[in-house]
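Asker: In the working numbering, the protein residues as written are 52 to 559.
Quick reminder that beta carbons are idealized off the backbone N, C-alpha and C, glycines included.
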Amino acid sequence: MSEDHFKKIISHAKEFGFIFPSSEIYDGLSATYDYGQNGVELKNNIKKYWWKSMVQMNKDIVGLDAAIFMHPTTWKASGHVDAFNDPLIDNKDSKKRYRADVLIEDFIAKIHEKNEKDILKAKKRFGESFNEETFTTTNPNILRRNKQIAEVNEKMTSAFNSDDLNEIYNLIIELGITCPVSGSKNWTEVRQFNLMFGTEIGSVADESSTIYLRPETAQGIFVNYLNVQKTSRKKLPFGIAQIGKAFRNEIIARQFIFRMREFEQMEMQFFIKPGTQKEWYDYWKKQRMSWHKSLGIENDKLQFHDHVKLAHYADAACDIEFKFPFGFKELEGIHSRTDFDLKQHELYSKKKQRYFDPETNESYIPYVIETSIGLDRMFLTLLSNGLKEEKLDDGSSRTLFSVAPALAPTKAAILPLVKKDGLSEIGTDLYNKLKLDFECGYDEKDSIGKRYRRQDAVGTPFCITVDHDTKIDQKVTLRERDTMIQERVSIDEVSNIVSKKVNMNSLF
Ligand code: GAP
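1) As a quick exercise: from Thr521, Ser557 and Ala508, pick the residue whose alpha carbon is nearest that of Asp533.
2) Can you tell me which of Glu92, Ser423, Thr528 and Leu451 puts its alpha carbon nearest to the alpha carbon of Asn468?
3) If I follow the unbroken alpha helix (DSSP H) through Phe16, where does it start and stop?
4) Any beta carbon of chain C sitting closer than 9 Å to that of Ser448?
5) For Ser81 and Ile61, what's the separation of their Cα atoms in angstroms?
6) With hydrogens ignored, establish whether the beta-carbon of His386 is closer than 8 Å to any heavy atom of ligand 1.
7) Could you check if Gln107 belongs to the surroundings of ligand 1, using beta carbon to heavy atom distance under 8 Å?
8) In the DSSP assignment, find the beta strand (DSSP E) that holds Tyr149 and state where it starts and stops.
9) Can you list, in chain order, the residues of its chain with a C-beta nearer than 8 Å to that of Ala368? Leave out the 5 residues immediately preceding and following it.
10) From Lys403 to Glu397, what does the alpha carbon distance come to, in whole angstroms?
11) So what's Phe307 in DSSP terms, helix, strand or just coil?
12) Take Ile548 and list the residues in its own chain whose beta-carbon comes closer than 8 Å to its own, dropping the five residues that flank it on each side.
13) Tell me the rounded alpha-carbon separation between Trp335 and Phe273.
14) To which residues of the same chain is Met105 closer than 7 Å at the C-beta, ignoring the five residues directly before and after it?
15) In chain order, what are the residue ranges of uninterrupted beta strand (DSSP E) at least 3 long that sit wholly in the segment 346 to 399?
16) Within the continuous alpha helix (DSSP H) that includes Ser104, where are the two ends?
17) Under 8 Å: does the beta carbon of Ala117 sit that close to some heavy atom of ligand 1?
18) Excluding the five sequence neighbours on either side, which residues of its own chain have a C-beta within less than 6 Å of the C-beta of Phe120, listed in chain order?
19) Alpha carbon to alpha carbon, how far is Ile252 from Ile371?
20) Considering only residues of the same chain and omitting the five flanking positions on each side of Tyr332, which have a CB-CB separation below 8 Å?
21) Evaluate Ile76 with the Cβ neighbour count: other Cβ atoms within 10 Å of its Cβ, from every protein chain shown; 16 or more gives buried, anything less gives exposed.
22) May I have the straight-line CA-CA distance separating Glu205 from Thr239, to the nearest angstrom?
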């Protein structure tokens, strides 16, 4: 069912101009995608909402747009040159390469799936009298599997925390993990692979000219923190937010736009007084979770997941996970990054990165709480959450993309019932008036039913139909996407009615 839903999302995204494989006429380039006419609008609206929530609605947060290329020493200081690695393992029979941690996580996910199946079966069998908590805490199969999950997690954590590649290999062998392609257990040893893309700057290619495409936007914020702090005269705590491209040479190029080699991040670094990190970490966890909920994402599809293996810069970290069609996976990371990055930049640049605290007359390196969300993953979240097949009362069905109206690519589509009798002209006049207020579409091809279906499929919250009566009563039919309720409203009122419903302010 979920796999079918995922396939449907991918084909829908292409059919309706949301996402195309990159350079498709040359058979595409793996893990890179292009956003089409509807995709770019939805993506821009997500950015707009994030920017508004994080920057414009917070007097303590300002924006930044740093360059993608940075001085190469940045990445030495941040630890990315030495430690931004994935543990890889090859299957000798299929010649396929995998991330060792993902193989183990997939193994754990399969055990979880078995538990979920048993719970579903029991729910069906016991009906009303079913108590999930009692079942999961007493059923021997579930208890045995939970014990296995805990043991595997513990071994995995210990192996990763000590960077013991042999232990990771041993765990894969011990669990009898097989290659999904060849089905064999014929594995190579586990090796580290750096994820940064390198390229040369200038005309002479030698070692000193190697620069990297940034693997995260965060470092652009760190190296500018004093520029921003001094010119904005901000006091701690304050934040800097940025939206921009990041690049990673991902080994597993699958799951559509979930894992890309070129993607966009929306990151915010919140600079705080050392010692206050726990309080701010909790604060940003809450804030970010409610941001997702404000977009109408179903509660049971969102969860926190504490990191098993902390990144080299963090003293606490968690993910906000969304239940994608392929299971709960990371959508956003919230990290307590300590003073690691600024300390490292002070060390490598030999420039003081200290904040002078006017209240205590002390200078110190601030601590940082980071919120980091992948824009493309947010896009996939909205598609996964909102794309539905609905059975209608008349026995037919429709494909509906139910997305928050404020984020919809088109807010209202103007649909003259027929092209003739002056209806096109009235429709065009209305389009020209409404386009000043919100993103409008205009469609006069095919039957009105087919046009409604097309707009439902791209998430347009309102359709405005101009018919022959419009010429007499100066009214149009306003149809709402989710309920399909239609009402006659005066042409003069349309802008007001729609504006109120599609305004981003309605999300706050
Ligand atoms: N500055 C911290 C940082 O980059 P991360 O957990 O590696 O942390 C943050 O990445 C977010 O960026 C993730 O939660 C995810 O949404 C997104 N992301 C990371 N790698 C990605 C990829 N290959 N494709 C798409 N999105 C990705």
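Answerer: Reading it off the structure:
1) In the sequence shown, counting from the first residue as 1, residue 533 sits at position 482. The shortest Cα separation from Asp533 among Thr521, Ser557 and Ala508 belongs to Ala508.
2) In the sequence shown, counting from the first residue as 1, residue 468 sits at position 417. A small fix is needed here, since residue 468 is Leu in this sequence, not Asn. The candidate whose alpha carbon is nearest that of Leu468 is Thr528.
3) This structure cannot speak to residue 16, because the chain is shown only from 52 to 559.
4) The chain labelled as chain C is not found in the depicted structure, where only one protein chain is given.
5) Counting from one through the sequence shown, the residue named residue 81 turns up at place 30. Counting from one through the sequence shown, the residue named residue 61 turns up at place 10. Their Cα atoms are separated by approximately 14 Å.
6) Taking the first residue of the sequence shown as 1, we reach residue 386 at position 335. For ligand 1, at least one heavy atom lies less than 8 Å from the Cβ of His386.
7) Taking the sequence shown and counting its residues from 1, the one referred to as residue 107 is at position 56. No, the beta carbon of Gln107 sits no closer than 8 Å to any heavy atom of ligand 1.
8) Locating residue 149 in the sequence shown gives position 98, where the first residue counts as 1. Per DSSP, Tyr149 belongs to the beta strand (DSSP E) from Arg148 to Arg150.
9) Position 317 of the sequence shown, counted from the first residue, corresponds to residue 368. Excluding five sequence positions before and after Ala368, the CB atoms of its chain that fall closer than 8 Å to its own CB belong to Asp357, His358, Leu361, Ala362, Gly384, Ile385, His386 and Ser387, given in chain order.
10) For the purposes of this step, residue 403 is identified with residue 352 of the sequence shown, where counting begins at 1. For the purposes of this step, residue 397 is identified with residue 346 of the sequence shown, where counting begins at 1. Cα to Cα, Lys403 sits roughly 5 Å from Glu397.
11) As a working mapping, residue 307 is identified with position 256 in the sequence shown. Helix, per DSSP.
12) Counted from its first residue, the sequence shown places residue 548 at position 497. Leu529 and Val540, listed in sequence order.
13) Locating residue 335 in the sequence shown gives position 284, counting from the first residue. Locating residue 273 in the sequence shown gives position 222, counting from the first residue. Using only the alpha carbons, I get a separation of about 19 Å.
14) If you number the sequence shown from 1, residue 105 lands on position 54. Cβ within range, chain order: Ile112, Ala292 and Met319.
15) Qualifying beta strand (DSSP E) stretches, in chain order: 353 to 357, 367 to 375 and 378 to 389.
16) For the purposes of this step, residue 104 is identified with residue 53 of the sequence shown, where counting begins at 1. No alpha helix (DSSP H) holds Ser104; DSSP gives it neither H nor E.
17) To locate residue 117, count along the sequence shown from 1; it is residue 66. Result no, Cβ not under 8 Å from ligand 1.
18) For this step, residue 120 is matched to residue 69 along the sequence shown. Contacts found: Ile262.
19) Within the sequence shown, numbered from 1, the residue matching residue 252 stands at position 201. Within the sequence shown, numbered from 1, the residue matching residue 371 stands at position 320. Each residue's alpha carbon lies about 37 Å from the other.
20) The sequence position of residue 332 within the sequence shown is 281, counting from 1. These residues qualify, in order along the chain: Ala367, Ile385, Ser387 and Ile420.
21) Here the question's residue 76 lines up with position 25 in the sequence shown. Ile76 should be labelled exposed.
22) The residue labelled residue 205 in the question sits at position 154 within the sequence shown. The residue labelled residue 239 in the question sits at position 188 within the sequence shown. Glu205 and Thr239 have their alpha carbons spaced roughly 23 Å apart.
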